[in-house]
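Novice: In this note's numbering, the protein residues as written are 17 to 515.
Let me give you the structure first, and then I'll get to my questions.
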């Protein structure tokens, strides 16, 4: 009897999986043949970084001449957008059909997960409106001196290190610590000093959040695919100790400032104004009050985004400059000329570094957001087709794949800042460069991230020369174990101080 029951269960499972894997075929959509149990999550049987995974999808499906292609995460179907016009519709034109990212958050059990990147619907719309003034160009200009102060400290610490360590430096580690100190100052009003103390608590939290262990991958896919069940069983996406740390830091910072009447041009001070009055000082626009939980959640995602995104952009930029001495020399001359013209490294000098701006080519080759995810929030008929994307379906836009498409960027593996000259930029096709996303759900702190990265690279080029060393990997091997693109073994470069 037990044998028959077992056979029945196995047969039912096989039929269930087979029916699931017929989803795209029934839709008449080209798809990559899945393999149970992972679907299309592996490439040639191996785990790769998500940016490389979606690039594989893009390259495998683009030649099918169809606006979308189909893949499966385990047994769940995902649509890969291949057509630029459809990308415009998903991200901007028909945004109401693709309003959300479909990510997990748990307001009751895991309030720190309720940040702008995760939340949905009117909750997201209202909170985005409240927080947008904090990231205006005027507010960023006020924060700029604080970033530059940390950069000057960075110069001194790196100078001391290379003297002791024979001019070789693991720049990923150094740049992570630089961004931790900047975010600690600009977001939390705290002197982290991770540049001098690698064991600093903020940095440990960042390392913990961005190391993607196998257990966290399983948990991530479970809460992504079974969001309602995950909420019912009270699953948290953020580790308990990380959540407790950030709540404690924010509460103590706000209490100290209220008691001592401390005023700073940083995220916490601006958030406190919204908590108290629902508007920023000097503004007549009443955007509505925010709660302590919302401040903590946004501070947390601000920390995560800045910690990994900006440091990664700087790291890959310095890597590419170390491989091409002529480009590095031109970038340095551009920085020094601007600094001399404006009386030092300041906001006006940063805005006058045209060639350094062209090194945004780094984000073409190594985009911070390697893919953009959206969830269908209302049934959507793809124009000029008989295909309907049903509510609840997940949609992926493979940014890394588009950035490496030879149709848009000839010789895409070559680092060439001239692609972003004023003349070439006017020729660029829409939706072929999306390092921070596009449309209403683009990165709210993109300008701050760019400011931090620009200060970091400019300050490095002013004082140091970068080149390959014996530990520099050429070509790079991207680790699949990190949420953002990160090289296996770190980023070792030879660093020589310019006298």
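For every residue, glycine included, the Cβ atom is placed at its ideal position computed from N, Cα and C.
1) Please report how far the alpha carbon of residue 264 lies from the alpha carbon of residue 235, in whole angstroms.
2) Helix, strand or coil: how does DSSP classify residue 256 here?
3) Tell me the rounded alpha-carbon separation between residue 371 and residue 121.
4) Taking the C-alpha atoms as reference points, what is the distance between residue 88 and residue 342?
5) Is the distance from the Cβ of residue 183 to the Cβ of residue 473 below 8 Å?
6) Under a three-way DSSP split, which group does residue 167 fall into?
7) Please state if the CB of residue 329 and the CB of residue 478 are separated by a distance shorter than 8 Å.
8) On the CB-based measure, 16 or more other CB atoms within 10 Å of its CB, does residue 289 come out buried or exposed?
9) Would you say residue 436 and residue 340 are within 8 Å of each other, going by their C-beta atoms?
10) Would you call the stretch 453 to 472 in contact with the stretch 320 to 329, where contact means no fewer than 3 C-beta pairs closer than 8 Å?
11) Does residue 506 come out as helix, strand or coil in the three-state DSSP assignment?
12) When DSSP builds the beta bridges, which residues end up paired with residue 434?
13) In whole angstroms, give me the CA-to-CA distance for residue 266 and residue 314.
14) Would DSSP call residue 412 helix, strand or coil?
15) Quick check: what's the CA-CA separation for residue 35 versus residue 503?
16) Closer than 8 Å by C-beta to residue 366: which residues in its own chain qualify, once you throw out the five before and the five after it? Chain order, please.
17) Quick one: grab the DSSP three-state call for residue 200.
18) Identify every residue that forms a DSSP beta bridge with residue 483.
19) What distance in whole Å lies between the Cβ atoms of residue 97 and residue 411, which are believed to be in contact at a cut-off of 8 Å?
20) Would you check if the distance between the CB atom of residue 241 and the CB atom of residue 114 is smaller than 8 Å?
21) What did DSSP end up calling residue 313 once you bin it into helix, strand or coil?
22) Can you grab the Cα-Cα spacing for the pair residue 200 / residue 405, in whole Å?
23) Would you call the CB atoms of residue 386 and residue 70 closer than 8 Å?
24) Within the continuous alpha helix (DSSP H) that includes residue 336, where are the two ends?
25) Which of the three DSSP states, helix, strand or coil, is assigned to residue 293?
26) So residue 383 and residue 415 are supposed to be a Cβ contact under 8 Å. How far apart are they, rounded?
27) Return helix, strand or coil for residue 301, following the three-state DSSP convention.
28) To the nearest angstrom, how far is it from the Cα of residue 65 to the Cα of residue 177?
29) So is residue 135 buried or exposed if we call it buried at 16+ other beta carbons inside 10 Å?
30) Please say whether residue 456 and residue 47 have beta carbons closer to each other than 8 Å?
31) For the stretch 53 to 95, list the beta strand (DSSP E) runs that are entirely contained and at least 3 residues long, ordered along the chain.
32) For residue 56, which residues of its own chain have a beta-carbon under 6 Å away from its beta-carbon, when the five flanking residues on both sides are left out?
33) Using beta-carbon positions only, say whether residue 419 and residue 452 come within less than 8 Å of one another.
34) Below 8 Å on the Cβ atoms is my contact criterion, and I expect residue 501 with residue 335 to pass it. Report the Cβ-Cβ distance as a whole number of Å.
35) For residue 483, I'd like the list of residues in its chain whose CB is within less than 8 Å of its CB, leaving aside the five on either flank, ordered along the chain.
36) Can you grab the Cα-Cα spacing for the pair residue 187 / residue 214, in whole Å?
Specialist: Taking the structure as given:
1) Here residue 264 refers to the residue found at position 248 of the chain shown. Here residue 235 refers to the residue found at position 219 of the chain shown. Approximately 26 Å between the Cα atoms of the pair.
2) As a working note, residue 256 is residue 240 in the chain shown. Residue state, collapsed to three classes: helix.
3) For the purposes of this step, residue 371 is identified with residue 355 of the chain shown, where counting begins at 1. For the purposes of this step, residue 121 is identified with residue 105 of the chain shown, where counting begins at 1. Our two residues, residue 371 and residue 121, have alpha carbons roughly 41 Å apart in a direct line.
4) Numbered from its first residue, the chain shown carries residue 88 at position 72. Numbered from its first residue, the chain shown carries residue 342 at position 326. The alpha-carbon atoms of residue 88 and residue 342 are separated by roughly 45 Å.
5) Taking the chain shown and counting its residues from 1, the one referred to as residue 183 is at position 167. Taking the chain shown and counting its residues from 1, the one referred to as residue 473 is at position 457. The Cβ atoms of residue 183 and residue 473 lie no closer than 8 Å to each other.
6) Indexing the chain shown from 1 puts residue 167 at position 151. The answer is helix: DSSP assigns residue 167 an H, G or I state.
7) Translated into the one-based positions of the chain shown, residue 478 becomes position 462. Translated into the one-based positions of the chain shown, residue 329 becomes position 313. No.
8) If you number the chain shown from 1, residue 289 lands on position 273. Classification of residue 289: buried, given that the 10 Å Cβ count is 16 or more.
9) To locate residue 436, count along the chain shown from 1; it is residue 420. To locate residue 340, count along the chain shown from 1; it is residue 324. No, these two residues do not count as a Cβ contact at 8 Å.
10) Proximity of the stretch 453 to 472 to the stretch 320 to 329 meets the contact definition, three or more beta-carbon pairs being nearer than 8 Å.
11) For this step, residue 506 is matched to residue 490 along the chain shown. If DSSP states are grouped into helix, strand and coil, residue 506 belongs with coil.
12) By one-based count along the chain shown, residue 434 stands at place 418. Listed as beta-bridge partners of residue 434 by DSSP are no residues whatsoever.
13) Taking the chain shown and counting its residues from 1, the one referred to as residue 266 is at position 250. Taking the chain shown and counting its residues from 1, the one referred to as residue 314 is at position 298. Each residue's Cα considered, the two are about 11 Å apart.
14) What you label residue 412 is simply residue 396 of the chain shown in a count that begins at 1. Residue state for residue 412 is assigned as strand, using DSSP reduced to three classes.
15) In the chain shown, residue 35 corresponds to position 19, counting from 1. In the chain shown, residue 503 corresponds to position 487, counting from 1. Taking the straight line from one Cα to the other gives about 39 Å.
16) Stepping through the chain shown from its first residue, residue 366 is reached at position 350. By the criterion of a C-beta distance shorter than 8 Å, residue 366 is surrounded in its chain by 160, 354, 467, 470, 471, 474, once the five residues flanking it on both sides are discounted.
17) Working through the chain shown from its first residue, we reach residue 200 at position 184. Look at residue 200 here: in three-state DSSP terms it is helix.
18) Counting from 1 along the chain shown, the entry for residue 483 is found at position 467. Beta-bridge partners assigned by DSSP to residue 483: 510.
19) The residue you call residue 411 lines up with position 395 of the chain shown. The residue you call residue 97 lines up with position 81 of the chain shown. Right, the Cβ-Cβ distance comes to about 6 Å (below 8 Å), so this counts as a contact.
20) As a position in the chain shown, residue 241 is number 225, starting the count at 1. As a position in the chain shown, residue 114 is number 98, starting the count at 1. Result no, Cβ atoms of residue 241 and residue 114 do not sit closer than 8 Å.
21) Position 297 of the chain shown, counting from 1, holds the residue named residue 313. It is helical.
22) Reading the chain shown from its first residue, position 184 is the one you call residue 200. Reading the chain shown from its first residue, position 389 is the one you call residue 405. Looking at the two C-alpha atoms, the distance is approximately 43 Å.
23) The residue given as residue 386 occupies position 370 in the chain shown. The residue given as residue 70 occupies position 54 in the chain shown. The Cβ atoms of residue 386 and residue 70 lie closer than 8 Å to each other.
24) Counted from its first residue, the chain shown places residue 336 at position 320. Note, residue 336: alpha helix (DSSP H), 327 to 339.
25) Counting from one through the chain shown, the residue named residue 293 turns up at place 277. In this structure, residue 293 counts as helix in the three-state DSSP scheme.
26) Locating residue 383 in the chain shown gives position 367, counting from the first residue. Locating residue 415 in the chain shown gives position 399, counting from the first residue. Between residue 415 and residue 383 the Cβ distance is about 5 Å, and since that is below 8 Å, they are a contact.
27) Numbered from 1 along the chain shown, position 285 holds the residue referred to as residue 301. In the structure shown, residue 301 sits in coil (DSSP, three-state: anything other than H, G, I, E or B).
28) The residue labelled residue 65 in the question sits at position 49 within the chain shown. The residue labelled residue 177 in the question sits at position 161 within the chain shown. Roughly 31 Å separates the two Cα atoms.
29) The residue given as residue 135 occupies position 119 in the chain shown. Buried.
30) Within the chain shown, numbered from 1, the residue matching residue 47 stands at position 31. Within the chain shown, numbered from 1, the residue matching residue 456 stands at position 440. Their beta carbons are not under 8 Å apart, which means residue 47 does not touch residue 456 by this criterion.
31) For the beta strand (DSSP E) assignment, the uninterrupted runs of no fewer than 3 residues enclosed by the stretch 53 to 95 are, from N- to C-terminal side, 84 to 89.
32) For the purposes of this step, residue 56 is identified with residue 40 of the chain shown, where counting begins at 1. If you ignore the 5 residues before and after residue 56, its C-beta comes within less than 6 Å of the C-beta of 48, 50, 87, 88, all in its own chain and listed in chain order.
33) Taking the chain shown and counting its residues from 1, the one referred to as residue 419 is at position 403. Taking the chain shown and counting its residues from 1, the one referred to as residue 452 is at position 436. Against a cut-off of 8 Å, the Cβ pair of residue 452 and residue 419 comes out as no contact.
34) Indexing the chain shown from 1 puts residue 501 at position 485. Indexing the chain shown from 1 puts residue 335 at position 319. Cβ atoms of residue 501 and residue 335 stay farther apart than 8 Å, at about 11 Å.
35) On the chain shown, residue 483 is found 467 positions in, with the first residue counted as 1. Sequence-distant partners of residue 483 (beyond 5 residues in either direction) whose C-beta falls short of 8 Å from its own C-beta, in its chain, are 338, 341, 509, 510, 512.
36) Counting from 1 along the chain shown, the entry for residue 187 is found at position 171. Counting from 1 along the chain shown, the entry for residue 214 is found at position 198. Cα atoms of residue 187 and residue 214: separation of roughly 13 Å, rounded to the nearest angstrom.
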